[in-house]
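Protein chains in written order, with our numbering: chain A, 95 to 353; chain B, 4 to 216.
Structure first, commentary second.
Put into structure tokens, the structure is as follows:
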């Protein structure tokens, strides 16, 4: 009632102008626009989902299950590779260096001739290394620092000399690859962790910085306090964060007029 | 089709009854209530709300921008924002005020981004004759309409905005002041200037036709 009275008192309109305007203002929103808006409204509430793309949901489930299975299989493989190696033969330390050398130069019974030949050829030091699976395994054994299983130093040296087979060709390349892979897996984690830790640390630091550059939820409750916070960010020189916040503010409070 | 809200629990309607109920609901339920129902996932409520305001908002933007493509872009943008912000919607003011405030902000954002609408007027004034009306009178009305359209396009932006909010959204002076972010007296003054100029434009047309006859 009060509104009506005040409207009448402040009536600044003109009937003729209104009537003429009504005659010209006959446009209607195009049907295509209506359809687009209503579709958007429908999509936002998820009603149109099952109708239009009903196959997507089962497809997504199937893909998720498949992915999970693949991960489980992969993890199983990894755990098999990571199982402890068969126990090494205990190598008795030689009582004296001479004995050790002699003992080392004698091939054990049942060793194949080429292996023995390889030992006799005595390849140069630079040819040694992981050229054979046995050498790779030896390297791996050397890196293992468990005191209960580690062989005494002289015996290990002897073993290396004895097992060094770089003088003959190995036909079974996959074995070599597998041994190398095994060695990598045994040594890898720490190296990777060392490499990853600094990058992770810097990423955490960046995230922390980003979090501190955002306005709190309490501040975001009203557009005015949110805008004040954005101004604070701008004043502090955080232009990018301020712009990001401003975009979010516009989305959350579209009716708020940015001064 | 089953309507559960606000009907009593367990009451089911046939399709025809539901349609007639929806028609009644369309006129009785408050805009804000419809918006709140849409917030809770009722898409039909949004459709009812949209049908109430789509044409008037479209005309408002069309005459504010004076460029059809721009108006359509902004129109979509406005409704997109309304849809997105439904979670945060609180019926603190009239929905119409909220809607036109969003529309105005979108228009201002558009102005800030680019100014392609400037100087481009592509709105066709309906000059077709209406059936069963005297040809001379119709010509006169047609001229008046054309004159008004031209005068409206020539108004300063603030005055045109206020006039359109008054005519299309049927907002009161207080609401216009709220939407445009000025005080009530400023809004009133702008509206008066706008109406007087438009009135003068129509009157000049009538005087011209009288002189000619």
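For glycine and all other residues, C-beta sits at the position ideal for the given N, C-alpha and C.
Check residue 197 of chain B in the structure and name its three-state DSSP category. As a working mapping, residue 197 of chain B is identified with position 194 in the second chain. Residue state, collapsed to three classes: helix.
Kindly indicate if chain B contains any beta-carbon less than 7 Å away from that of residue 311 of chain A. Counting from 1 along the first chain, the entry for residue 311 of chain A is found at position 217. For residue 311 of chain A, the answer is no, since every Cβ of chain B falls outside 7 Å of its Cβ.
Given the structure, does residue 276 of chain A come close to the ligand FMN, in the sense that its CB is under 6 Å from one of the ligand's heavy atoms? You won't find the ligand FMN in this model; it holds no ligand whatsoever.
If we ignore side chains and look at the alpha-carbon of each, how far apart do residue 325 of chain A and residue 178 of chain B end up? Here residue 325 of chain A refers to the residue found at position 231 when the first chain is read from its first residue. Here residue 178 of chain B refers to the residue found at position 175 when the second chain is read from its first residue. If you take the alpha carbons of residue 325 of chain A and residue 178 of chain B, they lie about 28 Å apart.
Run down chain B in chain order and give the residues with a C-beta less than 9 Å from the C-beta of residue 330 of chain A. As a first step, residue 330 of chain A is located in the first chain; it is residue number 236 there, counting from the start. Correct list: empty, because the minimum Cβ distance to chain B is about 24 Å.
For residue 92 of chain B, does the three-state DSSP call read helix, strand or coil? The residue you call residue 92 of chain B lines up with position 89 of the second chain. Three-state result, residue 92 of chain B: coil.
Can you pull the chain A neighbours of residue 205 of chain B, defined as C-beta to C-beta under 8 Å? Sequence index remark: in the second chain, residue 205 of chain B carries index 202 (1-based). Within chain A, the residues 110, 111, 114 have their CB atoms less than 8 Å from the CB of residue 205 of chain B, given in chain order.
Closest to residue 78 of chain A by CA distance: which of B:36, B:55, B:81 is it? This structure cannot speak to residue 78 of chain A, because chain A is shown only from 95 to 353.
Assuming residue 103 of chain B and residue 168 of chain B are in contact, meaning their beta carbons sit under 8 Å apart, how far apart are those beta carbons, in whole angstroms? Position 100 of the second chain, counting from 1, holds the residue named residue 103 of chain B. Position 165 of the second chain, counting from 1, holds the residue named residue 168 of chain B. About 6 Å separates the two Cβ atoms, so the contact holds.
Three-state secondary structure assigned by DSSP to residue 49 of chain B: Position 46 of the second chain, counted from the first residue, corresponds to residue 49 of chain B. Reduced to three states, the DSSP call for residue 49 of chain B is helix.
When the distance is taken between beta carbons, is residue 205 of chain B closer than 7 Å to residue 114 of chain A? One-based indexing of the first chain puts residue 114 of chain A at position 20. One-based indexing of the second chain puts residue 205 of chain B at position 202. The answer is yes: Cβ separation under 7 Å.
Can you tell me the Cα-Cα spacing of residue 333 of chain A and residue 160 of chain A, whole angstroms? Numbered from 1 along the first chain, position 239 holds the residue referred to as residue 333 of chain A. Numbered from 1 along the first chain, position 66 holds the residue referred to as residue 160 of chain A. Separation of residue 333 of chain A and residue 160 of chain A (C-alpha to C-alpha, rounded to the nearest whole angstrom) is 44 Å.
CB of residue 351 of chain A within 7 Å of CB of residue 108 of chain B, strictly: Reading the first chain from its first residue, position 257 is the one you call residue 351 of chain A. Reading the second chain from its first residue, position 105 is the one you call residue 108 of chain B. Against a cut-off of 7 Å, the Cβ pair of residue 108 of chain B and residue 351 of chain A comes out as a contact.
Quick test of the definition: if touching needs 3 or more C-beta pairs under 8 Å, does the stretch 53 to 62 of chain B touch the stretch 117 to 136 of chain A? yes
Quick check: what's the CA-CA separation for residue 163 of chain B versus residue 73 of chain B? Position 160 of the second chain, counted from the start, is the residue given in the question as residue 163 of chain B. Position 70 of the second chain, counted from the start, is the residue given in the question as residue 73 of chain B. C-alpha separation (whole angstroms): 17 Å.
Does the beta carbon of residue 110 of chain B sit closer than 7 Å to a beta carbon anywhere in chain A? Taking the first residue of the second chain as position 1, residue 110 of chain B is located at position 107. Cβ-Cβ to chain A under 7 Å: no for residue 110 of chain B.
Tell me, to the nearest whole angstrom, how far the beta carbon of residue 99 of chain B is from that of residue 174 of chain B; I am working on the premise that it is less than 8 Å. In the second chain, counting from the first residue as 1, residue 99 of chain B sits at position 96. In the second chain, counting from the first residue as 1, residue 174 of chain B sits at position 171. That belief holds up - the Cβ atoms of residue 99 of chain B and residue 174 of chain B are roughly 6 Å apart, short of 8 Å.
Which of the three DSSP states, helix, strand or coil, is assigned to residue 43 of chain B? To locate residue 43 of chain B, count along the second chain from 1; it is residue 40. In the structure shown, residue 43 of chain B sits in coil (DSSP, three-state: anything other than H, G, I, E or B).
Alpha-carbon to alpha-carbon, residue 322 of chain A and residue 181 of chain B: In the second chain, counting from the first residue as 1, residue 181 of chain B sits at position 178. In the first chain, counting from the first residue as 1, residue 322 of chain A sits at position 228. One C-alpha to the other measures close to 21 Å.
My output table needs one value for residue 32 of chain B: the three-state DSSP class, helix, strand or coil. As a position in the second chain, residue 32 of chain B is number 29, starting the count at 1. Secondary structure at residue 32 of chain B: coil, using DSSP grouped into helix, strand and coil.
From the DSSP output, in three-state form, read off residue 151 of chain A for me. Counting from 1 along the first chain, the entry for residue 151 of chain A is found at position 57. Reduced to three states, the DSSP call for residue 151 of chain A is helix.
Mapping the DSSP letters down to three states, classify residue 274 of chain A as helix, strand or coil. By 1-based counting over the first chain, the position of residue 274 of chain A is 180. Of the three classes helix, strand and coil, the one that applies to residue 274 of chain A here is helix, per DSSP.
Members of the stretch 47 to 71 of chain B near chain A, C-beta cut-off 8 Å: 49, 50, 53, 57, 58, 60, 61, 62, 65, 66
Reference residue 86 of chain B; option with closest CA among A:156, A:164, A:130: Position 83 of the second chain, counting from 1, holds the residue named residue 86 of chain B. Of the listed residues, the one whose Cα sits closest to residue 86 of chain B is A:130.
With a threshold of 7 Å between beta-carbons, can residue 107 of chain A be considered close to chain C, or not? Judged by its chain identifiers, the structure shown contains no chain C, and its protein chains are A and B.
Quick check on residue 162 of chain A: buried or exposed, where buried means 16 or more other Cβ atoms within 10 Å of its Cβ? The residue labelled residue 162 of chain A in the question sits at position 68 within the first chain. Burial call: exposed.
Can you round the beta-carbon distance between residue 194 of chain B and residue 118 of chain A to whole angstroms, since I take them to be within the 8 Å contact cut? Working through the second chain from its first residue, we reach residue 194 of chain B at position 191. Working through the first chain from its first residue, we reach residue 118 of chain A at position 24. Actually they are not in contact, since the Cβ atoms of residue 194 of chain B and residue 118 of chain A sit about 18 Å apart, beyond 8 Å.
List the residues of chain A whose Cβ lies closer than 8 Å to the Cβ of residue 101 of chain B, in chain order. If you number the second chain from 1, residue 101 of chain B lands on position 98. Simply 349.
DSSP-derived helix/strand/coil call for residue 310 of chain A: For the purposes of this step, residue 310 of chain A is identified with residue 216 of the first chain, where counting begins at 1. Three-state result, residue 310 of chain A: coil.
Can you name the residues of chain B whose CB is closer than 8 Å to the CB of residue 128 of chain A? Taking the first chain and counting its residues from 1, the one referred to as residue 128 of chain A is at position 34. Result: 53, 57.
According to DSSP, simplified to helix, strand and coil, what is residue 69 of chain B? If you number the second chain from 1, residue 69 of chain B lands on position 66. Coil.
Are residue 122 of chain A and residue 34 of chain B close, meaning C-beta to C-beta below 7 Å? Counted from its first residue, the first chain places residue 122 of chain A at position 28. Counted from its first residue, the second chain places residue 34 of chain B at position 31. Not a contact, by the Cβ cut-off of 7 Å.
Less than 7 Å between CB atoms is the rule here; does residue 201 of chain B satisfy it with respect to chain A? One-based indexing of the second chain puts residue 201 of chain B at position 198. It does: the Cβ of residue 201 of chain B has a partner Cβ on chain A nearer than 7 Å.
Under a Cβ-count criterion, where at least 16 other Cβ atoms within 10 Å of its own Cβ denotes burial, should residue 120 of chain A be classed as buried or exposed? The residue labelled residue 120 of chain A in the question sits at position 26 within the first chain. Result: exposed.
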